[in-house]
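Let me begin by presenting the structure, written as structure tokens, before commenting on it.
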Amino acid sequence: MSFPKGFLWGGATAANQYEGGYNEGGRGLANVDVMPHGEDRFPIGLGQKLHLDFDADHHYPAQVGVDFYHRYKEDIALYAEMGFKVFRMSIAWSRIFPKGDEAEPNEAGLQFYENVFKELKKHNIEPLVTITHFDMPIHLIKEYGGWKNRKVVGFYENLVRALFTRYKGLVRYWITFNEINIILHLPFMGAGLTFEPGENEKQAKYSAIHHELIASASATKIAHEIDPAIKVGSMLAAGTFYPASPNPKDVLQAQQDNRNNYFFVDVQARGAYPAYALKAFEREGIVIPFEDGDKELLKENTVDYITFSYYTSNMSAHPDNLQSHEDASGNIIVGKKNPYLEVSEWGWPIDPLGFRTTMNEIYDRYQKPLFVVENGLGAIDRPDENGYVEDDYRINYLRDHISAMRDAVELDGVDLMGYTTWAPIDLVSASTGEMSKRYGFVYVDRNDAGDGTLNRTKKKSFNWYKQVIATNGQEL
Ligand code: BG6
């Protein structure tokens with residue numbers, strides 16, 4: 115069994131964790147730049163601790179990332195050597211509009227990404243570009259209150275218009291917001307959202323979410339007007355919630371937790387707020403700031419395809435039954451500990467079969483083409499005396515997940531466009547700011563404190579993945 119002809123194999127990255135060059139080429143400051151490594155990262159990410167600039171007490175890993183800004187040619191050559199058909203990356207918004215509200219884009223920023231896209235084309239690698247991967251220019255947060263303010267939709271429209279126009283013919287696949295649901299869990303890190311003292315946080319989040327959903331639909335409209343060949347996708351941090359037991363209360367809880375996640379894609383893919391959400395908002399007194407024309411815009415501009423990340427499944431227990439379950443760790447969205455699953459070194463449950471279940475659930479729900487744009491294992495790598503990493507643990511994780519994904523395609527009939535691992539090269543961890551949580555096929559010499567040469571070395575998994583791609587997933 116193998117994958118469909120033309121299946122897009124590759125790897126996924128994000129500007130804030132990879133690119134660096136934070137103060138070069140006229141780039142402005144963004145929320146993701148001021149996220150430090152260390153114990154303050156989490157409260158800052160949650161928006162509990164206001165932190166809108168650098169200070170001398172912290173190390174800020176996004177400033178350098180792993181220096182894609184200067185090393186993109188070397189890295190793209192490595193991806194080409196593995197046979198990549200697609201490469202996922204993101205635009206740093208503040209490289210294109212340094213403050214966010216300028217009338218004209220920054221030419222040096224536009225030129226940088228044009229160079230990257232041309233380099234990819236040279237190697238026959240299709241770019242898959244996330245417009246915002248957690249980032250927002252700091253100026254938009256300070257001056258306008260970020261996504262809570264409807265004006266920011268207009269600034270985002272300026273951004274996408276500049277991108278779609280400049281890269282017409284160079285970039286076909288776009289994603290509007292990375293893991294759009296993460297705004298509920300890490301509002302500052304995931305979307306630049308801050309709160310006033312005493313502010314109703316839930317109201318603030320759903321106002322911001324409405325604006326993001328409008329911006330996403332508007333981007334889809336603009337893309338199709340500029341170039342009908344462009345495909346625009348949504349992106350969800352996925353991973354199905356299992357009920358902790360057949361107790362009907364746990365089952366209902368799992369359904370509700372799943373809906374909290376799918377709510378975003380329900381709007382982006384079906385074109386309207388779902389009934390269960392409208393009822394919940396009414397009960398809780400949450401007012402969605404609808405303006406004239408919003409409903410039509412959402413209805414008429416649904417996404418072309420659905421992308422998602424999958425690292426782990428989750429488990430839900432009703433509040434009455436909570437005490438019988440320990441908390442799990444996970445990809446920011448944290449459920450209960452599933453006794454049937456092993457966990458990674460960071461405590462994330464490992465569940466390849468849950469990957470197939472999640473794919474089926476998403477495909478059943480939306481009936482649109484899917485694209486897996488993140489999946490991988492964060493692990494501690496120990497290079498030998500020659501600097502070589504034998505990462506069989508990573509190969510095993512990916513083999514099991516790709517095999518489950520193949521079943522979803524071959525046995526269940528899911529329409530899947532492609533698969534990009536997180537991440538093809540070691541880069542900064544989003545949740546912890548660590549370098550020691552490594553995902554790559556390529557080792558990068560840099561540690562948590564920011565020391566190291568940044569030199570690249572192929573790991574054992576490099577040749578393994580090369581073979582997976584060469585056989586279109588037949589040899590795992
Ligand atoms: C996803 C993000 O949440 O998971 C990535 O889109 C992130 O930005 C990835 O890096 C893995 O999470 P972490 O915290 O291990 O880097």
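Taking the working numbering, the leading residue of the sequence shown gets 115, the next gets one more, and so forth. Note that beta-carbon positions come from the ideal geometry of N, C-alpha and C, so glycine has one too. Just so we're clear, the structure is a prediction, and the values are computed from it rather than from any experiment.
Who are the near neighbours of residue i in its chain, counting only those whose CB is closer than 7 Å to its CB and skipping five residues on each side?
i, result
"residue 302", "145, 158, 159, 160, 161, 308"
"residue 576", "196, 555, 556"
"residue 219", "210, 211, 276"
"residue 508", "491, 493, 575"
"residue 258", "265, 266"
"residue 589", "581, 582"
"residue 138", "183"
"residue 140", "212, 220, 222, 223"
Nearest-angstrom Cα distance between residue i and residue j?
i, j, result
"residue 564", "residue 368", "41 Å"
"residue 167", "residue 268", "25 Å"
"residue 544", "residue 292", "12 Å"
"residue 585", "residue 214", "44 Å"
"residue 117", "residue 420", "18 Å"
"residue 224", "residue 203", "14 Å"
"residue 156", "residue 286", "35 Å"
"residue 473", "residue 188", "34 Å"
"residue 398", "residue 165", "30 Å"
"residue 252", "residue 440", "37 Å"
"residue 115", "residue 496", "34 Å"
"residue 190", "residue 541", "15 Å"
"residue 119", "residue 315", "47 Å"
"residue 580", "residue 482", "29 Å"
"residue 488", "residue 126", "6 Å"
"residue 375", "residue 587", "30 Å"
"residue 382", "residue 325", "12 Å"
"residue 254", "residue 237", "37 Å"
"residue 270", "residue 207", "9 Å"
"residue 465", "residue 216", "46 Å"
"residue 123", "residue 234", "14 Å"
"residue 343", "residue 529", "19 Å"
"residue 512", "residue 562", "25 Å"
"residue 296", "residue 304", "6 Å"
"residue 539", "residue 551", "12 Å"
"residue 178", "residue 365", "45 Å"
"residue 319", "residue 298", "7 Å"
"residue 310", "residue 393", "27 Å"
"residue 573", "residue 567", "17 Å"
Determine whether the Cβ of residue i lies closer than 9 Å to any Cβ atom of chain C.
i, result
"residue 145", "The chain labelled as chain C is not found in the depicted structure, where only one protein chain is given."
Per DSSP, which residues does residue i bridge with? Please list them.
i, result
"residue 428", "355"
"residue 557", "571"
"residue 250", "Paired residue(s): none; residue 250 is not in a bridge."
"residue 534", "124"
"residue 450", "441"
"residue 203", "243"
"residue 423", "351, 488"
"residue 463", "457"
"residue 288", "243, 346"
"residue 552", "493"
"residue 539", "556"
Just to confirm my understanding: we take residue i, look at its own chain, exclude 5 residues before and 5 after, and list those with CB closer than 6 Å. What are they?
i, result
"residue 147", "136, 176"
"residue 183", "133, 134, 135"
"residue 401", "none"
"residue 415", "331, 334, 335"
"residue 553", "490, 492, 536, 537"
"residue 377", "391"
"residue 501", "571"
"residue 380", "388"
"residue 523", "530"
Counting only the same chain and skipping the five closest in sequence on each side, list residues whose C-beta sits under 8 Å from that of residue i.
i, result
"residue 384", "416, 480"
"residue 152", "172, 173, 547"
"residue 354", "372, 427, 428, 468, 471, 472, 475"
"residue 279", "340"
"residue 531", "121, 122, 419, 483, 484, 485"
"residue 239", "124, 190, 193, 194, 198, 199, 200, 201"
Would you say the beta carbon of residue i comes nearer than 8 Å to a heavy atom of the ligand ADP?
i, result
"residue 370", "The ligand ADP is not part of the structure shown, which contains the ligand BG6 as its ligands."
Should the segment 193-206 be called in touch with the segment 338-349, which here means at least 3 C-beta pairs below 8 Å?
As far as the Cβ criterion goes, the segment 193-206 does not touch the segment 338-349, which means the pair count is below three.
Pairing CB atoms from the segment 242-250 with CB atoms from the segment 273-291, are three or more of them under 8 Å?
Yes, the segment 242-250 is in contact with the segment 273-291.
Contained alpha helix (DSSP H) runs [length at least 4] in the segment 503-531, N- to C-terminal order
You should have 506-524.
Starting from the N-terminal side, write out each stretch of the alpha helix (DSSP H) that is 4 residues or longer and does not extend beyond the segment 325-404.
For secondary structure counted as the alpha helix (DSSP H) over 4 or more consecutive residues, the segment 325-404 holds these complete runs in sequence order: 362-384, 389-398.
Using 8 Å as the cut-off, can you tell me whether the segment 447-462 makes contact with the segment 389-408, which would need three or more C-beta pairs spanning the two stretches below that distance?
Pairwise C-beta distances place the segment 447-462 out of contact with the segment 389-408, as fewer than three of them are shorter than 8 Å.
Is there contact here, the segment 430-437 with the segment 353-363, by at least three beta-carbon pairs under 8 Å?
Cβ pair count under 8 Å is three or more, so yes.
Unbroken stretches of the beta strand (DSSP E), 3 residues or longer, contained in the segment 135-212:
Runs of the beta strand (DSSP E) inside the segment 135-212: 200-204.
Taking 8 Å as the threshold, find out whether the segment 517-530 comes into contact with the segment 448-464 through three or more Cβ pairs.
Output reads no: the segment 448-464 does not touch the segment 517-530.
With a floor of 4 residues, list each alpha helix (DSSP H) that falls wholly inside the segment 267-315, ordered by position along the chain.
The segment 267-315 contains these whole alpha helix (DSSP H) runs: 301-305.
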